[in-house]
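Scroll down for the structure; my scribbles are underneath it.
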Amino acid sequence: MRYLQVLSAILVLLAFAGSAASTQTAEDRNRHDLRSLEAAQEAFALIDKDGDDCLSFTEFLAAYSALADKGESRNRDVEDRSTLKSDLPRPFPRQLTTQGEVACNGTTVDVQIRTANFGSEISWKVDHHCQSGEVTYGDNLVYNTSCCFLSNTTSILVTCQDSYGDGWHGGYLVFLGNRVACEDFDSGHRWTTSVPL
Numbered sequence: 245m246r247y248l249q250v251l252s253a254i255l256v257l258l259a260f261a262g263s264a265a266s267t268q269t270a271e272d273r274n275r276h277d278l279r280s281l282e283a284a285q286e287a288f289a290l291i292d293k294d295g296d297d298c299l300s301f302t303e304f305l306a307a308y309s310a311l312a313d314k315g316e317s318r319n320r321d322v323e324d325r326s327t328l329k330s331d332l333p334r335p336f337p338r339q340l341t342t343q344g345e346v347a348c349n350g351t352t353v354d355v356q357i358r359t360a361n362f363g364s365e366i367s368w369k370v371d372h373h374c375q376s377g378e379v380t381y382g383d384n385l386v387y388n389t390s391c392c393f394l395s396n397t398t399s400i401l402v403t404c405q406d407s408y409g410d411g412w413h414g415g416y417l418v419f420l421g422n423r424v425a426c427e428d429f430d431s432g433h434r435w436t437t438s439v440p441l
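Residue numbers for the sequence shown follow this note's numbering, so the first one is 245 and each next one is one higher.
This is the structure we're talking about:
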C-alpha cells in the first residue's frame with residue numbers, strides 16, 4: 245500500500261512542478277522546488293478523499309483530469325487551495341460530519357471480517373470505496389465495519405490479500421449479513437471475486 249502512496253505523491257509532484265528555466269539561479273530553483281513540493285503536499289491532502297493517507301491512482305487521475313479539463317497548466321502555482329479543493333470531483337458519495345465521522349450519501353453496507361489463523365497477514369478492499377487500511381487483524385476474531393456505495397450499486401468487486409501468500413486459512417468477509425467473500429481463498433497472495441448486493 246505504501247508503494248501507491250509514494251507513486252501517487254511523485255505523480256502529484258510531477259503534475260504541479262514545472263521544469264525550472266536554465267537561466268534561474270540556484271536559489272530561485274530551490275524556491276521553485278519548495279513551492280512545488282508544498283503545492284504537491286497540499287494537493288495530496290485535498291485529493292485523498294477517503295483520508296487513509298494513501299492516494300489511490302483513481303483519486304489522482306480524477307484530480308489531475310479535473311485540473312486538466314479546466315485548462316490548468318502543469319506549472320500552475322496553487323495559491324488558492326480552497327478553489328483547488330472545490331474543483332476536484334468526489335470519487336464516491338462520502339462527506340465528513342461535524343464529529344469527523346464519515347457520513348454516507350448512498351447506501352451503507354455492513355461488513356464483517358472473520359479471521360482465522362495468521363490474521364495479521366490479511367487485508368482487503370472493495371473496488372476503490374472501502375478497504376482494511378492499516379488495520380492489523382488478530383487470529384480467530386470478528387471485526388465489523390461498513391462501506392458506502394452509490395445507491396444503485398448492484399455488485400461489488402472484492403479483493404482479499406495475504407502478505408505471506410498462503411491464503412486466509414479459513415477467514416472470510418461477510419457483506420449484508422449473508423453475502424460471503426473469500427471463504428475459498430486458501431492459497432496465493434490475492435483473491436478477487438464479485439459479490440452481489
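Every residue, glycine too, gets a C-beta built ideally from N, C-alpha and C.
Own chain, CB closer than 8 Å to residue i, minus 5 neighbours either side, in chain order
| i | result |
| --- | --- |
| Gly411 | Phe429, Asp430, Ser431, Gly432, Trp435 |
| Ser399 | Ser438, Val439, Pro440, Leu441 |
| His413 | Ala360, Asn361, Phe362, Asp430 |
Beta-carbon proximity of residue i to residue j, cut-off 9 Å
| i | j | result |
| --- | --- | --- |
| Val418 | Gln375 | no |
| Gly363 | Tyr381 | yes |
Per-residue DSSP class, three states only, for residue i
| i | result |
| --- | --- |
| Ser376 | coil |
| Gly363 | helix |
| Asn396 | coil |
| Gly382 | coil |
| Cys426 | coil |
| Ser431 | coil |
| Leu401 | strand |
| Asn388 | strand |
| Leu417 | strand |
| Trp412 | coil |
| Asp371 | coil |
| Thr341 | Bear in mind that a pLDDT of 38 at Thr341, under 50, signals an unreliable position, so the number given afterwards is only what the model happens to contain. Coil at Thr341, not helix or strand. |
| Ser438 | strand |
Member of the options whose CA lies at the smallest distance from the CA of residue i
| i | options | result |
| --- | --- | --- |
| Thr403 | Thr352, Gly350, Glu365, Ser438 | Ser438 |
| Val379 | Ile366, Cys391, His373, Val370 | Ile366 |
| Gly421 | Trp368, Tyr387, Lys369 | Tyr387 |
| Ser390 | Trp368, Ala360, Gly414 | Trp368 |
| Leu401 | Val370, Ser407, Leu385 | Val370 |
| Gly377 | Ser399, Leu441, Gln405 | Gln405 |
| Asn384 | Thr398, Ala360, Leu441, Gly414 | Ala360 |
Close Cβ partners of residue i (< 7 Å) along its chain, the five nearest in sequence each way excluded
| i | result |
| --- | --- |
| Tyr416 | Arg358, Val424, Ala425, Cys426, Glu427 |
| Ser395 | Gly350, Thr351 |
| Ser407 | Glu365 |
| Thr397 | Thr351, Leu441 |
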